[in-house]
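Written out below as structure tokens is the structure these notes cover.
Residue numbers (the UniProt record's numbering): 1 to 249.
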């Protein structure tokens, strides 16, 4: 394991000491409401994309599964899940959350995926490759993901993007542009099917969600509102956005 990957493992192992959802979304969300909102937005995006690609009760690779925050809803929907992550501590949360029925969780080195070729019906990724700051390493990992997928199977990837590339979190994370993300996907051999901005990182209602000022019943409406604004504005020059990429192997 390289020095950057060792640093990433230490970072995520340390976050694993917090709440399982805070560890993989926002560790500063004290009430857990913001994390629940964002997890719901992510889960709906994954479910809708998988349905568009006719993946029902499939075998799904969850790359960078963390605490199985996304794996668990996939299991409830009837899928089988292989969850891979660099952090042993996060994977302990994953196993506690999901058990071992229709799922398997394993640690990886951040470079190589111990998965046979052409066996997965789909793959999902949630803000994982943003933490692979080297483009060559990110490309190699995407190629590994593509190799696991059956021909034509979808990759559903949600990553953070900016108008211009920027490093953040003391160099642990990179915000690529949408163009850079799509180039990586194409270079890895994927066929891009669709791209959509789901939300802006600093949308003004997010702090209201975090403090409980917006009831849960309104969250689906709010998510649609965020996506609608994003369709009109694109990525703001001063903010990052969460972008959903659909591509096929």
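Think of the CB as a built atom: it goes at the ideal place given N, C-alpha and C, for glycine as much as any other residue.
Asked: Among 23, 195, 48, 100, which one has its Cα closest to the Cα of residue 80?; Found: 100
Asked: Restricting to Cα atoms, I'd like to know which of 179, 194, 95, 189 is closest to residue 150.; Found: 189
Asked: With the cut-off set at 8 Å, would you say residue 158 and residue 242 are in Cβ contact?; Found: yes
Asked: Where does the unbroken alpha helix (DSSP H) through residue 98 begin, and where does it stop?; Found: 88–98
Asked: At what residues does the beta strand (DSSP E) containing residue 328 begin and finish?; Found: With the chain covering 1 to 249 only, the question about residue 328 has no answer from this structure.
Asked: Determine the extent of the alpha helix (DSSP H) in which residue 247 is found, giving its start and end residues.; Found: No alpha helix (DSSP H) holds residue 247; the beta strand (DSSP E) holding it covers 241–248.
Asked: So, using beta-carbon positions, are residue 193 and residue 177 closer together than 8 Å?; Found: no
Asked: Is there contact between the region 198–215 and the region 131–150, where contact requires at least three CB pairs shorter than 8 Å?; Found: no
Asked: Please report the distance separating the alpha-carbon of residue 16 from that of residue 30.; Found: 15 Å
Asked: Inspect the beta-carbon positions of residue 154 and residue 246 and report whether they are closer than 8 Å.; Found: yes
Asked: Quick test of the definition: if touching needs 3 or more C-beta pairs under 8 Å, does the region 87–106 touch the region 119–126?; Found: no
Asked: Give, in chain order, every unbroken run of the alpha helix (DSSP H) that is at least 4 residues long and sits entirely within the UniProt domain "Methyltransferase" (60–152).; Found: 71–76, 88–98, 135–148
Asked: Are the region 161–172 and the region 232–242 in contact at 8 Å, needing three or more beta carbon pairs?; Found: yes
Asked: So the beta strand (DSSP E) residue 160 belongs to, where does it begin and stop?; Found: 154–161
Asked: Relative to the ligand HEM, is the shortest distance from any of its heavy atoms to the C-beta of residue 102 smaller than 7 Å?; Found: As far as ligands go, the structure on display features none, and thus does not contain the ligand HEM.
Asked: Name the two residues that bound the continuous alpha helix (DSSP H) containing residue 44.; Found: 33–52
Asked: Measuring alpha carbon to alpha carbon, tell me which residue in 216, 244, 196, 207 is nearest residue 231.; Found: 196
Asked: I'd like the list of long-range same chain contacts for residue 104, defined as Cβ closer than 6 Å, with 5 residues on each side in sequence excluded.; Found: 82
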